[in-house]
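Structure, as structure tokens:
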Amino acid sequence: MSNFEIQPSGGGVGAFVDGIDLANDLSDNVTGALRSALGEHGVLFFRDQKLTPEGQIAFAEKFGEINVNRFFAHVDGYPQIAQVLKEPDQTKNIGGGWHTDHTYDTAPAMGSMLHAIETPPHGGDTMYASTCRAYETLSDGFKKTLEGLNALHSSRHVFGPQARYVRKGEDTAGRLGNNEAATQDSTHPLVITHPISGKKSIYVNPGFTIGIEGWSDAEAEPFLKILYDHIAKPEHTYRFQWAPGSLAFWDNRATWHYAVNDYHGERRLMHRITIEGEALAA
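Heads up, our numbering is the position in the sequence shown plus 7, with the first residue counted as 1.
Structure, rendered in structure tokens:
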């Protein structure tokens with residue numbers, strides 16, 4: 008088994024993995040150790056990875072089937088890899104708000120891998136938050152209140168023909184499209200049990216959650232805001248600084264992420280792969 012080290016980030020979520028070359032054909036033992044670490048820490052950070060598109064795809068396939076993104080532009084010749092790009096003349100970035108990926112699917116994505124190709128000299132960090140730690144720090148009374156609740160999720164308001172960026176005419180040319188495919192709606196337990204770690208996780212997010220089953224909007228919106236504010240507390244988060252060759256692998260069932268848009272006039276290019284998941288249970 009390879010000699011690599013896993014060190015907690017020191018923040019509220021995540022761990023750094025050192026001494027590993029992801030371009031190598033990883034053994035089942037190494038893959039299993041990384042899978043366990045992902046379940047424990049929520050997101051794994053790797054530095055100085057010289058991955059080709061083929062190498063990133065091979066690494067991702069160790070953890071499951073790849074989801075071909077419906078809405079993002081793809082890397083030429085590699086439909087498995089979504090291109091996350093902001094050009095110097097663009098003001099809007101992708102992912103610039105707290106969310107987790109694909110909660111609108113009935114079997115939501117297990118994880119996502121983001122590989123840094125070009126990064127600005129300053130800024131362009133990504134924030135991560137632990138929805139498992141956020142659950143653990145709720146009072147027993149609040150945890151009881153969440154039992155049995157189901158949350159509603161959708162892709163329509165984010166990627167559909169009536170999405171905000173479409174209505175505002177924001178510059179997404181070459182980055183987002185296929186609006187007509189945004190027809191996904193789903194219902195998931197508001198608190199899920201993580202299938203690897205067994206931890207409880209608050210499974211709602213400001214990006215794709217649109218309500219609570221059986222509740223009016225007037226009731227659900229302030230309730231969800233309390234949860235959102237709680238999850239985003241500094242003690243639940245970590246801010247990751249990118250450099251070319253960095254790779255972050257996060258568990259969508261245990262974390263949120265937020266791409267900080269503070270590098271106007273600079274180019275940032277990332278390659279993202281999303282891995283298929285399974286139906287979630289309370």
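Note that the Cβ used here is the ideal one computed from N, Cα and C, for glycine as well.
None of the values given here were measured: they were computed from a predicted structure.
Could you check which residue in the options has the C-alpha nearest to that of residue i?
i	options	result
Trp257	Phe53, Gly26 and Glu61	Phe53
Phe79	Leu92, Lys57 and Lys69	Leu92
Glu220	Glu154, Val75, Asn76 and Asp96	Glu154
Gly21	Glu226, Ala255, Gly71 and Arg260	Ala255
His4	Gly272, Ala289, Met277 and Thr281	Residue 4 is absent from the model: the chain starts at 8 and stops at 289.
Leu51	Phe23, Asp28, Lys69 and Ala239	Phe23
Pro213	Pro15, His201, Arg246 and Glu228	Glu228
Arg260	His122, Leu197 and Ile124	Leu197
Leu276	Tyr245, Gln97, Trp222 and Pro202	Gln97
Thr144	Asp236, Asp28, Pro127 and Leu121	Asp236
Pro60	Asp32, His122, Phe215 and Lys69	His122
Lys57	Pro202, Ser146, Leu234 and Ile124	Ile124
Beta-carbon within less than 6 Å of residue i's beta-carbon, same chain only, minus the 5 sequence neighbours each way: which residues are those?
i	result
Glu242	Gly19
Glu12	Asp25 and Gly26
Glu285	Ala114
Ser161	Tyr111, Asp192 and Ile217
Leu287	His195 and Ile199
Leu45	Leu51 and Asp258
For residue i, collect the residues of the same chain with a Cβ closer than 7 Å to its Cβ; drop the 5 residues on either side in sequence, then sort them by chain order.
i	result
His81	Ile88, Ala89 and Gln90
Arg174	Unreliable placement is indicated for Arg174, whose pLDDT of 49 sits below 50; no coordinate value is reported for it.
Val75	Pro86 and Gln87
Asn10	Gly26
Ala239	Trp105 and Ala136
Thr3	The question about residue 3 has no answer, for the chain in this structure spans 8 to 289.
What are the partner residues of residue i, as DSSP defines its beta bridges?
i	result
Asp108	Partner(s): none; Asp108 has no beta bridge.
Phe230	Answer is none; Phe230 lacks a bridge partner.
Phe52	Phe23 and Ala255
Ile282	Ile73 and Gly118
Val198	Ile209
Pro92	It is Leu, not Pro, that sits at residue 92 in the sequence shown. In the DSSP output, where bridge partners are listed per residue, Leu92 has Leu276.
Arg246	Met134
Pro15	Ala22
Gly216	Correcting the residue type first, residue 216 is Thr in the shown sequence and not Gly. Looking at the DSSP assignment, Thr216 forms a beta bridge with His160.
In its own chain, which residues sit with a C-beta less than 8 Å from the C-beta of residue i, not counting the 5 before and 5 after it?
i	result
Glu94	Arg274
Met8	Per-residue confidence for Met8 stands at a pLDDT of 44, beneath the threshold of 50, marking its modelled position as unreliable; the derived number appears in the next sentence. Counting only Cβ-Cβ distances below 8 Å, and skipping sequence neighbours, we find Ser34, Asn36, Val37 and Ala40.
Glu72	Ile282 and Glu283
Taking three-plus beta-carbon pairs below 8 Å as touching, is the stretch 268–275 in contact with the stretch 60–74? no
Report yes or no: do three or more beta-carbon pairs, one from the stretch 91–108 and one from the stretch 242–253, lie closer than 8 Å? no
Could you tell me whether the stretch 136–156 touches the stretch 207–220, where touching means 3 or more Cβ pairs closer than 8 Å? At 8 Å Cβ cutoff, the stretches touch.
Are the stretch 113–121 and the stretch 144–156 in contact at 8 Å, needing three or more beta carbon pairs? no
Which complete beta strand (DSSP E) runs does the stretch 124–161 hold, if anything under 3 residues is left out? 133–137 and 157–161
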